Each structure stands twice: as C-alpha cells, then as structure tokens.
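Colleague:
Residue numbers (the working numbering): 26 to 567.
1. Tell me which same chain residues have a C-beta within less than 6 Å of the C-beta of residue 263, skipping the five on either side of it?
2. For residue 565, does the count of other Cβ atoms within 10 angstroms reach 16, so buried, or fall short, so exposed?
3. Please identify the residue among 87, 248, 72, 102 whose C-alpha is closest to the C-alpha of residue 438.
4. Hey, residue 216 and residue 188 are a contact pair by Cβ (cut 8 Å); roughly how many whole angstroms apart?
5. For the candidate residues 219, 232, 245, whose alpha-carbon lies nearest to that of residue 204?
6. If you measure from the CB of residue 128, is any heavy atom of the ligand MG nearer than 7 Å?
7. Less than 8 Å separating the beta-carbons of residue 174 and residue 133?
8. How far does the beta strand (DSSP E) with residue 72 in it reach, from first residue to last?
9. For residue 8, is the classification buried or exposed, using 16 other Cβ atoms within 10 angstroms of its Cβ as the cut-off for buried?
10. Let me know if residue 362 comes out buried or exposed under the rule of 16 or more other beta-carbons within 10 Å of its beta-carbon.
11. Which partner residues does residue 350 have in the DSSP bridge list?
12. To the nearest angstrom, how far is the alpha carbon of residue 93 from that of residue 371?
13. Could you say if the region 76 to 85 and the region 337 to 347 meet the contact criterion of at least three C-beta pairs nearer than 8 Å?
14. Here's the rule: buried if 16 or more other CB atoms are within 10 angstroms of the residue's CB, otherwise exposed. What is residue 1?
15. Out of 136, 408, 429, point me to the one whose CA is closest to residue 179's CA.
16. Tell me the DSSP bridge mates of residue 397?
17. Rounded to the nearest angstrom, what separates residue 223 and residue 184 at their Cα positions?
18. Run the CB neighbour count on residue 314, radius 10 Å, all protein chains shown included, and call it buried at 16 or more, exposed below.
19. Taking all protein chains shown into account, do 16 or more other C-beta atoms lie within 10 angstroms of the C-beta of residue 412, making it buried, or fewer, making it exposed?
20. Rounded to the nearest angstrom, what separates residue 535 and residue 515 at their Cα positions?
21. Determine the direct distance from the alpha carbon of residue 73 to that of residue 280, and round the result to whole angstroms.
22. Going by the beta-carbon positions, is the gap between residue 312 and residue 550 smaller than 8 Å?
23. Less than 7 Å between C-beta atoms, sequence neighbours within five positions excluded: which residues of the same chain meet that for residue 323?
24. Have a look at 220, 210, 296, 228 and flag the residue whose alpha-carbon is nearest the alpha-carbon of residue 277.
25. Are at least three pairs of beta-carbons, each pair with one atom in the region 473 to 493 and one in the region 441 to 449, less than 8 Å apart?
26. Contact check, residue 110 vs residue 301 under 8 Å by CB: the rounded distance?
27. Could you tell me the distance, in whole angstroms, from the CA atom of residue 391 to the CA atom of residue 228?
28. With three or more C-beta pairs closer than 8 Å as the rule, is the region 495 to 503 touching the region 116 to 128?
29. Is residue 562 near residue 527, with beta carbons less than 8 Å apart?
30. Ignore the nearest five residues each way along the sequence and tell me which others in residue 114's own chain have a CB closer than 6 Å to its CB.
31. If you reduce the DSSP assignment to three classes, tell me which class residue 566 lands in.
32. For residue 353, which residues in the same chain have their Cβ closer than 8 Å to its Cβ, ignoring the five residues on either side in sequence?
33. Can you list, in chain order, the residues of its chain whose CB lies under 7 Å from that of residue 131, leaving out five sequence neighbours each side?
34. Just to confirm the assignment, what range does the alpha helix (DSSP H) spanning residue 148 have?
35. Return the CA-CA distance between residue 350 and residue 319, expressed in angstroms with no decimal places.
36. In angstroms, rounded to a whole number, what distance separates the CA positions of residue 348 and residue 511?
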C-alpha cells in the first residue's frame, strides 16, 4: 500500500508539475483508487464521520445541480469528479493516517529538491513543454505557483524545528527559502509570515531558533512591503536582476476580481458551474484582460460557481472540522494552504485540492458518536468510482485514438468530442447521423460564445449563411470582444446572404443594437474597433 501511495503522489505531482496530461489527472487519481479498493473491501469496517459526510454530500448535490445552469458542462463534470475524489481521499486519510503520515513526510522532503532540479534543467535547456498554463513553473520567474508549493515544506520544516527540536531542518530551509522568495508569491509570503508568528509566539525554548525565525519573519515582512509604491522606490532598482514586473502590487487586480465575481453571484445565486466564471465575465469584457477565469479566492469561487447551497454546506463542513482538530503539523499545512487558496488560484490544480482534503483527514479527531461503514456501502462507493473512471478516462481514451462517436456516447458533456465529427468528418458520415450529432451538440451546449462560434463555422462550411450569421451574432452578444477577430468573417457571410448593398444596411443595424444591448462604453477598445469597422466598410452605424 505504501508503494502504491508513493507512486500516486509521484505520478500525479509530476504530471501536474510538467503541465502534461492535465485532463488525465482525475483519471490517474481514479486509477490509483482502484489499487486501494481491495484494502477497503477486505477491511471489516471503515470509520465515517456522520455529520461531515452529511454536509459534504449536500455540498456535492448542490454542486451537481449547477450542471443544468452551466455553459461548459464538461468542466463541471470534471470538477464533480474531483469533488467526489476529495471526499474519498479524506475518508482514506482518516482510516489509514499512520501509513499516509510516513510516506507524506518523506515526499514533503523529496519533491521540493526534485522540482528545483527540474526547474533548473527546464531553464537551461528551455523545455517549452514545461511551460504550459497548468505547470507550476509556467511563465518562469513571473509566476507564483512554484512558491505556493514550496510553502508546504517550509511550514513542515519550521514545525519540526520548533516542536520537535530537529535543527537539521535549518539546512532544508536555507536551501528552499531563496527559491521561495524568488517566485514572489504574495499569498504564500503572507501565509508563512503569519504561521511563523504563531510558532514564535507559542514556542520560545531555543533562543537561536527564535532569533533565526524572527530574522526570516523580517525578510518576509519586507518582501510583503515590497509590493507597494514605497517598497518599490526603495528596493526595485537594487534587485532588477529578478525581472520583477514593476506594476505588481500586493492586491493587484484582486479587489476587482472579487467585485466582478460577487456581481455574478447576485444574478445567479444557485451557481454557474465550476470553472464557468470566464463565460460570464466575458459578457462584460470590452478591453483586453478584463475577462477572468477565477476570482483568485477559493471561497468566492465556491460561492459564485457552486452556488449558495454548496457554499454554506462546505462552510459548515469546515467549521465542524476545525472544532474537532488536533494542532499537529498537518493542521498548520492545512492553515497555510487556506491562506494561499484565499489569495491565488492554487486550488484549480486538482492534485493540491485533493492534498488539501488529505490533510484534513490527518488532523481530524475521531469522535465516539461517529459510526463505521459496512462493506456494502464501500462497494457502492467503489461502483461510483468505477462509473466516473469509465466516463472520464475511456471518453478521453477513445477521443485520443480518434473514435469520436464512441467518445461522445461515453461522455456527451465534452464539446471537443463533437467538433471533429461535425467539422472534419461531416463528409464521411451520412446526413442523418450528422444532423443528429449537430442537434445533440446544440441541445447540450446552447449558449457559450465558444460553442456558438463553432456552430457558426460549421454552418458556414455547410453554406448555410443565415444560420452562420445567427450564431455569429449570438457569439458576439455573449463575448463582445470576439467581434474584433471575427468581424470580417461575419461581413463575408452577410454579403453572401444579402448582397453588398442590403448587407451594409443589415450589418449597420445589428451593430447599433449590439452597442446598445452589450452596453459598450465609448472609451473602450472595442468601441474604437467598431468605429474603425464601420469606417472600413462604409456603414452608417452611428
């Protein structure tokens, strides 16, 4: 079992780190769970916290309901897989805490060393595949996910020094701390600073450890102070070799992200679906970089994307956890992750969200009023795991070998499975089958600008200009900035359908309505694009 656990952490971590096969992370996790099923089946009873299970079940149910309200249903489905797995790992970590602690302590020491070596190799040899958006070292020095990760071994080391008097961990801290500072993770700096203050306040037995920790706290404090105008004037010119973006502040655009997200929640209190935030903010995007994919706050994301019911259920789940916790090293690791989750998008990486729930199981106290789960229930849980595995993994597998029809049957919520059939293969299947796929595609994905833009391309290939124009206009309404890159294609379709003279009248009227319904500000980039467009095509838009 220890070997299996080690293999899982290694594979999942490195795939996440390298930015490869990100869609397969839930599948890898499911595959790992299969190797543990025999443990659950042959163990007589499994401890299950009654109250926690109830509220987590409510959280899962409310999150599942967002599937009906979401634009990108495949993202919702994949996130539901991860949500389900998080509880499975929480359950596993409670029942096999001793085995997990042994291997986890080892991994917390090994993985930072390995990741730093890989980072250096990637920098020297310029490995482009290591700079995917899902990679911890994406965008080199400017990105901060790597420092978010390094926060964990640092907290672990300080705990070992203060509570277990293992001063050898200073060597580990001295090696990691410069890299931690190098990657400029503001949330991680604040997290380590606060946790260090907690340690310093509680434990003062060793004066040398105390003074060294105070010194590092001052460094962290100045690192935090750096992210304001005063700090930049003093420090920036002296450390220009770090290639720091001078426009970076401590909060940056986060207050704006929070405000945008909460406005969406007011309109959609039941949730918009996990990772569907972008499809709603893009409706009001009129300049570059205004659309956001996350609020950079785990709890705000939960509230907006999963809905009020899921948010309250999860909040009660966490409160019950904290009321029944023991203050061991895993508690402080959990606390550090919470600070990061409050200020960044680290929670979007499935591996670390699962790790978050494993930590909960390692510091949660068992209570006498809880109960033990029988084998029949464990088999039902395993059955759900099996079904999720079939849908997520096999759907992707058949898609990768270009058996798109079977991939669609297994997982109808992934629009990427439909597109090759509808665009590349439309001449190789009969008309009735093609229309059935197209109808199913339209029913499951009715709104998002991505899907409507794809539909416009499909109908344009079919020489159906009227439907192509209809879906192009829908796409523009749902994502106004799309007009900037698709306007010429749109005008070509309009001229094909109406002719040049009538086409100009029709498109000018659409643009007038477009400006009005989308509420495009006159000072925006998009408004200037529209002015140039109307001048280029000699349209009377104003």
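The beta carbon of each residue, even a glycine, is placed where N, CA and C say it ideally should be. The structure presented is a predicted model; accordingly, all values stated were derived computationally and were not measured.
Modeller: Taking the geometry as given:
1. Walking along the chain shown from the start, residue 263 turns up at place 238. A caution first: residue 263 carries a pLDDT of 48, below 50, which makes its placement in the model unreliable, though a value can still be read off. If we look at residue 263 and ignore the five residues flanking it on each side, it has no Cβ neighbours.
2. Working through the chain shown from its first residue, we reach residue 565 at position 540. With fewer than 16 Cβ atoms within 10 Å of its Cβ, residue 565 is classed as exposed.
3. The residue given as residue 438 occupies position 413 in the chain shown. If we check each option's Cα against that of residue 438, 102 comes out closest.
4. Here residue 216 refers to the residue found at position 191 of the chain shown. Here residue 188 refers to the residue found at position 163 of the chain shown. Here residue 216 is actually not in contact with residue 188; their C-beta atoms are around 18 Å apart, not less than 8 Å.
5. Counted from its first residue, the chain shown places residue 204 at position 179. For residue 204, the nearest C-alpha among the options comes from 245.
6. Within the structure as shown, the ligand MG is missing, as the structure has no ligands at all.
7. The residue given as residue 174 occupies position 149 in the chain shown. The residue given as residue 133 occupies position 108 in the chain shown. Contact: no.
8. The residue you call residue 72 lines up with position 47 of the chain shown. That run of the beta strand (DSSP E) goes 71 to 73.
9. Absent from the model: residue 8. The displayed extent of the chain is 26 to 567, so no value can be given.
10. Translated into the one-based positions of the chain shown, residue 362 becomes position 337. Per the 10 Å Cβ criterion, buried.
11. Position 325 of the chain shown, counted from the first residue, corresponds to residue 350. According to DSSP, residue 350 bridges with 389.
12. Numbered from 1 along the chain shown, position 68 holds the residue referred to as residue 93. Numbered from 1 along the chain shown, position 346 holds the residue referred to as residue 371. Their Cα atoms are separated by approximately 26 Å.
13. yes
14. Lying outside 26 to 567, the shown extent of the chain, residue 1 is not represented and no answer is given.
15. Start at 1 with the first residue of the chain shown, and residue 179 comes out as number 154. It is 136.
16. Your numbering for residue 397 matches position 372 in the chain shown. Answer is 72, bridged to residue 397.
17. For this step, residue 223 is matched to residue 198 along the chain shown. For this step, residue 184 is matched to residue 159 along the chain shown. Cα to Cα, residue 223 sits roughly 11 Å from residue 184.
18. As a first step, residue 314 is located in the chain shown; it is residue number 289 there, counting from the start. Classification of residue 314: exposed, given that the 10 Å Cβ count is below 16.
19. One-based indexing of the chain shown puts residue 412 at position 387. Exposed, since its Cβ has fewer than 16 Cβ neighbours within 10 Å.
20. Counting from 1 along the chain shown, the entry for residue 535 is found at position 510. Counting from 1 along the chain shown, the entry for residue 515 is found at position 490. Looking at the two C-alpha atoms, the distance is approximately 11 Å.
21. To locate residue 280, count along the chain shown from 1; it is residue 255. To locate residue 73, count along the chain shown from 1; it is residue 48. Roughly 39 Å separates the two Cα atoms.
22. Working through the chain shown from its first residue, we reach residue 312 at position 287. Working through the chain shown from its first residue, we reach residue 550 at position 525. Contact: yes.
23. Position 298 of the chain shown, counting from 1, holds the residue named residue 323. The residues are 366, 367, 372.
24. Counting from 1 along the chain shown, the entry for residue 277 is found at position 252. When each option's Cα is compared against that of residue 277, the closest is 210.
25. yes
26. By one-based count along the chain shown, residue 110 stands at place 85. By one-based count along the chain shown, residue 301 stands at place 276. At roughly 20 Å, the Cβ-Cβ gap does not stay under 8 Å, so residue 110 and residue 301 are not in contact.
27. The residue labelled residue 391 in the question sits at position 366 within the chain shown. The residue labelled residue 228 in the question sits at position 203 within the chain shown. Residue 391 and residue 228: Cα-Cα distance of roughly 27 Å.
28. Segments in contact, no.
29. Start at 1 with the first residue of the chain shown, and residue 562 comes out as number 537. Start at 1 with the first residue of the chain shown, and residue 527 comes out as number 502. Going by C-beta atoms, residue 562 is not nearer than 8 Å to residue 527.
30. Position 89 of the chain shown, counting from 1, holds the residue named residue 114. Excluding sequence neighbours, residue 114 sits near 379, 382, 383.
31. Within the chain shown, residue 566 is the residue found at index 541, counting from 1. Here residue 566 sits in coil by DSSP.
32. By 1-based counting over the chain shown, the position of residue 353 is 328. Counting only residues of its own chain and dropping the five nearest sequence neighbours on each side, residue 353 has a CB closer than 8 Å to the CB of 387, 388.
33. Within the chain shown, numbered from 1, the residue matching residue 131 stands at position 106. Around residue 131: no qualifying Cβ.
34. Here the question's residue 148 lines up with position 123 in the chain shown. Bounds of the alpha helix (DSSP H) holding residue 148 are 122 to 150.
35. By one-based count along the chain shown, residue 350 stands at place 325. By one-based count along the chain shown, residue 319 stands at place 294. Note on geometry: alpha-carbon atoms of residue 350 and residue 319 lie some 30 Å from one another.
36. If you number the chain shown from 1, residue 348 lands on position 323. If you number the chain shown from 1, residue 511 lands on position 486. Distance between the alpha carbons of residue 348 and residue 511 is about 54 Å.
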